[in-house]
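Undergrad:
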Amino acid sequence: QKEVEQDPGPLSVPEGAIVSLNCTYSNSAFQYFMWYRQYSRKGPELLMYTYSSGNKEDGRFTAQVDKSSKYISLFIRDSQPSDSATYLCAMNTGRRALTFGSGTRLQVQP
Amino acid sequence: GAGVSQSPSNKVTEKGKDVELRCDPISGHTALYWYRQRLGQGLEFLIYFQGNSAPDKSGLPSDRFSAERTGESVSTLTIQRTQQEDSAVYLCASSWGTSSYTGELFFGEGSRLTVL
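Okay, here's the thing in structure tokens:
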């Protein structure tokens, strides 16, 4: 079993929809949670960074961490075609390198 | 440069050949990582350098893989006797990070390796 599980998609939504992306994990020692966005043939770029449980909002993006359920989410409001990319969750304990999910491919249709 | 620079961007090689991939991190970043991304997969950690500390090599998949870093500058990932399963995009990232692995990672665009 992988430490971090993520549905690969693809997830196709119409422009303006609310998108929900999720990851589950098995290592209860994970404390730092991140979401990266990766456009085709580009390197990942950091979208959101959360320490421990709770919510964090940045513009149209909201990250949620539920440590009791070992479940993290990324919500995108008013989705745009430019949001079409692969979204990777990542997490770590602070004592070793980031563990990434396999990524969810998102397509926002105009 | 402004970002993490990797070369070559694409490399096609024959099975059994050695390859070298280069990473030039953001100036001043003390931490440097190599990750591997197979088609349709997430990122697989390979190796981590932090300043002058001994590197964390726990992710290297076999002794055919090695990496070096000169001080806090350029790093080279070497794959000896390449196999077809080594085909992947090799991503380098750097960060300000301390020893706690928690710094934001800035990724290069990757070196796409194809082993025939």
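As given, the protein sequences belong to chains A and B, one line each in that order.
Here the first sequence is numbered in this note's numbering, starting from 9 and rising by one per residue.
Here the second sequence is numbered in this note's numbering, starting from 5 and rising by one per residue.
Ideal placement from N, C-alpha and C gives every residue a C-beta, glycine not left out.
For clarity, every value in this text was computed on a predicted model and none was experimentally measured.
1. Apart from the five residues just before and just after Thr107/A, which ones in its own chain have a Cβ nearer than 7 Å to its Cβ?
2. In whole angstroms, what separates the C-alpha of Arg26/B from that of Ala37/A?
3. Kindly confirm or deny that the segment 7 to 22 of chain B and the segment 62 to 80 of chain A touch, where touching means at least three C-beta pairs closer than 8 Å.
4. Chain A partners of Glu72/B, CB-CB under 8 Å?
5. Along the beta strand (DSSP E) that carries Pro22/A, what are the first and last residues, could you check?
6. Measure the alpha-carbon distance for Arg49/A versus Met42/A and round it to whole angstroms.
7. Assuming Ala92/B and Arg42/B form a contact by the criterion Cβ under 8 Å, report the distance between their Cβ atoms to the nearest whole angstrom.
8. Any C-beta of chain B within less than 8 Å: which residues of the segment 20 to 37 of chain A qualify?
9. Would the beta-carbon of Phe83/A fall within 8 Å of that of Thr94/A?
10. Just to confirm, are Phe110/B and Ile51/B a CB contact at a threshold of 8 Å?
TA: This is what the structure holds:
1. If you number the first sequence from 1, residue 107/A lands on position 99. Around Thr107/A: Glu11, Val12, Ala98, Met99, Asn100.
2. Residue numbering aside, residue 26/B sits at position 22 when the second sequence is read from its first letter. Residue numbering aside, residue 37/A sits at position 29 when the first sequence is read from its first letter. The alpha-carbon separation between Arg26/B and Ala37/A amounts to approximately 33 Å.
3. No, the segment 7 to 22 of chain B does not touch the segment 62 to 80 of chain A.
4. Locating residue 72/B in the second sequence gives position 68, where the first residue counts as 1. Under the 8 Å cutoff, chain A gives no residues; its nearest Cβ is about 18 Å from Glu72/B.
5. On the first sequence, position 14 is the one that residue 22/A refers to. Per DSSP, the continuous beta strand (DSSP E) segment holding Pro22/A begins and ends at 19 to 22.
6. Locating residue 49/A in the first sequence gives position 41, where the first residue counts as 1. Locating residue 42/A in the first sequence gives position 34, where the first residue counts as 1. Cα to Cα, the separation comes out at about 21 Å.
7. Numbered from 1 along the second sequence, position 88 holds the residue referred to as residue 92/B. Numbered from 1 along the second sequence, position 38 holds the residue referred to as residue 42/B. Taking 8 Å as the upper bound for CB-CB distance, Ala92/B and Arg42/B are in contact here, some 5 Å apart.
8. From the segment 20 to 37 of chain A, no residue has a Cβ closer than 8 Å to chain B.
9. Within the first sequence, the letter at position 75 stands for residue 83/A. Within the first sequence, the letter at position 86 stands for residue 94/A. Result no, Cβ atoms of Phe83/A and Thr94/A do not sit closer than 8 Å.
10. In the second sequence, residue 110/B corresponds to position 106, counting from 1. In the second sequence, residue 51/B corresponds to position 47, counting from 1. No, Cβ-Cβ distance for Phe110/B and Ile51/B is not below 8 Å.
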